[in-house]
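Colleague: Note that my numbering numbers the sequence shown so that position 56 is 56, with each residue one more than the last. Quick reminder that beta carbons are idealized off the backbone N, C-alpha and C, glycines included. Can you read through this structure? Questions will come right after.
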Amino acid sequence: MVLHLIRPARHFERRPVDTAPWSFERTHGQVIELSGQGAFAPLSSGFWILRQLQEAGEPVAWVGRASKRPFVPDLLPWHLDLEAIAFIFPSRQEQMGRAADVLLASGAFGGVVLDLDRQSLPLPLLTRLAARCARHESCLVLLSEKSDESPSMGVGISWRSGVQRQRIGPNAFVLRWQGLKDRQGGAQWCWHQSCQGVPGCP
Numbered sequence: 001m002v003l004h005l006i007r008p009a010r011h012f013e014r015r016p017v018d019t020a021p022w023s024f025e026r027t028h029g030q031v032i033e034l035s036g037q038g039a040f041a042p043l044s045s046g047f048w049i050l051r052q053l054q055e056a057g058e059p060v061a062w063v064g065r066a067s068k069r070p071f072v073p074d075l076l077p078w079h080l081d082l083e084a085i086a087f088i089f090p091s092r093q094e095q096m097g098r099a100a101d102v103l104l105a106s107g108a109f110g111g112v113v114l115d116l117d118r119q120s121l122p123l124p125l126l127t128r129l130a131a132r133c134a135r136h137e138s139c140l141v142l143l144s145e146k147s148d149e150s151p152s153m154g155v156g157i158s159w160r161s162g163v164q165r166q167r168i169g170p171n172a173f174v175l176r177w178q179g180l181k182d183r184q185g186g187a188q189w190c191w192h193q194s195c196q197g198v199p200g201c202p
């Protein structure tokens with residue numbers, strides 16, 4: 001168990017976020033899905049969510065496949081406190097959902113990112129994860145690789161955004177967030193967010 005390793009992230013100077021069409025605070029107690037074709041866009045959006053959670057002082061965790069560990073240099077542009085993130089990489093894919101369940105059930109994490117790639121979650125497990133989030137006011141972020149036209153993971157998803165990453169210059173990208181589902185309001189919104197690539201890369 002990793003709970004004895006949990007500590008808050010270092011103090012962050014809160015940076016203003018470019019006018020996002022949704023309130024980050026209202027993701028507390030919710031399950032959200034960030035999807036895109038190709039792994040880079042969902043991963044980038046997941047890193048950004050982690051940054052927002054750490055800025056809010058929330059303990060966070062990242063659950064993913066053992067064969068798809070985040071490349072540390074990819075995390076540098078997001079200025080994350082890596083020592084304050086609990087990274088969990090089960091040996092089998094079917095264990096990832098269970099790992100997220102254990103983390104959320106502990107009530108010790110304000111946010112958990114679950115990198116599912118092309119995998120889905122059984123409906124009973126998704127329902128249980130949503131209940132955990134609501135009980136502990138935690139946020140579960142599901143990263144999935146699929147098109148905007150593909151359906152969401154299930155009814156337990158509070159809101160979903162499709163994410164695309166586009167290069168706009170040397171070491172510069174834009175993340176395009178497209179609202180696809182929102183149980184608390186209209187989903188037809190679009191947000192463009194600028195970001196940097198890995199230092200030293202073209």
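Determine the DSSP secondary structure at GLN184, reduced to helix, strand or coil.
Modeller: Reduced to three states, the DSSP call for GLN184 is coil.
Colleague: Using a C-beta cutoff of 8 Å, does ARG69 count as contacting chain B?
Modeller: Protein chain content of the structure displayed is limited to a single chain, and chain B is not contained in it.
Colleague: Could you tell me which residues DSSP puts in a beta bridge with SER35?
Modeller: DSSP, once it has assigned bridges, lists SER144, GLY162 as partnering SER35.
Colleague: Going along the chain, which residues of its own chain have a beta-carbon closer than 8 Å to the beta-carbon of VAL72, five neighbours each way excluded?
Modeller: LEU82, listed in sequence order.
Colleague: Per DSSP, what kind of secondary structure is ASP117 in: helix, strand or coil?
Modeller: Three-state result, ASP117: strand.
Colleague: Taking the beta strand (DSSP E) that PHE87 belongs to, which residues open and close that run?
Modeller: Run containing PHE87: 85-88, per the beta strand (DSSP E) assignment.
Colleague: Using CA atoms only, rank isn't needed, just tell me which of ASN171, PHE87, VAL163 is closest to TRP48.
Modeller: Answer by Cα proximity: VAL163.
Colleague: Rounded to the nearest angstrom, how far is the Cβ of PRO42 from that of LEU143, given a contact under 8 Å?
Modeller: Indeed, because the Cβ distance is near 4 Å, the residues count as touching under 8 Å.
Colleague: Report, in whole angstroms, the separation of the C-beta atoms of GLU33 and ILE157, which I expect to be a contact under 8 Å.
Modeller: Contact flag correct, Cβ pair sits at about 5 Å.
Colleague: What number of angstroms, rounded off, separates the C-alpha of ARG183 from the C-alpha of GLU137?
Modeller: Rounded to whole angstroms, ARG183 to GLU137 spans 17 Å at the Cα level.
Colleague: Report, in whole angstroms, the separation of the C-beta atoms of GLY110 and GLU58, which I expect to be a contact under 8 Å.
Modeller: Yes, GLY110 and GLU58 are in contact; Cβ-Cβ is about 3 Å, under 8 Å.
Colleague: Tell me, please, which residues DSSP counts as bridged to LEU175.
Modeller: Note: LEU175 sits in a beta bridge opposite ARG165, GLN193.
Colleague: When we look at the beta-carbon of ARG92 and count the other beta-carbons within 10 Å, is it buried (16 or more) or exposed?
Modeller: That one is exposed.
Colleague: Note down the Cα distance separating ALA100 from GLY64, rounded to an integer number of angstroms.
Modeller: Rounded to whole angstroms, ALA100 to GLY64 spans 10 Å at the Cα level.
Colleague: Using the Cβ count rule (16 or more neighbours within 10 Å means buried), how would you classify SER161?
Modeller: SER161 comes out buried.
Colleague: Output the distance between the C-alpha atoms of VAL2 and HIS79, rounded to the nearest integer angstrom.
Modeller: Note that VAL2 scores a pLDDT of 45, beneath 50, so its modelled location is shaky and nothing firm can be said.
Colleague: Could you tell me which residues DSSP puts in a beta bridge with CYS133?
Modeller: CYS133 pairs with nothing; no bridge assigned.
Colleague: With DSSP collapsed to three states, give me the class of ALA105.
Modeller: Helix.
Colleague: Give every residue of the same chain whose Cβ lies closer than 7 Å to the Cβ of THR127, excluding the five residues on either side of it in the sequence, and list them in chain order.
Modeller: Around THR127: GLY156.
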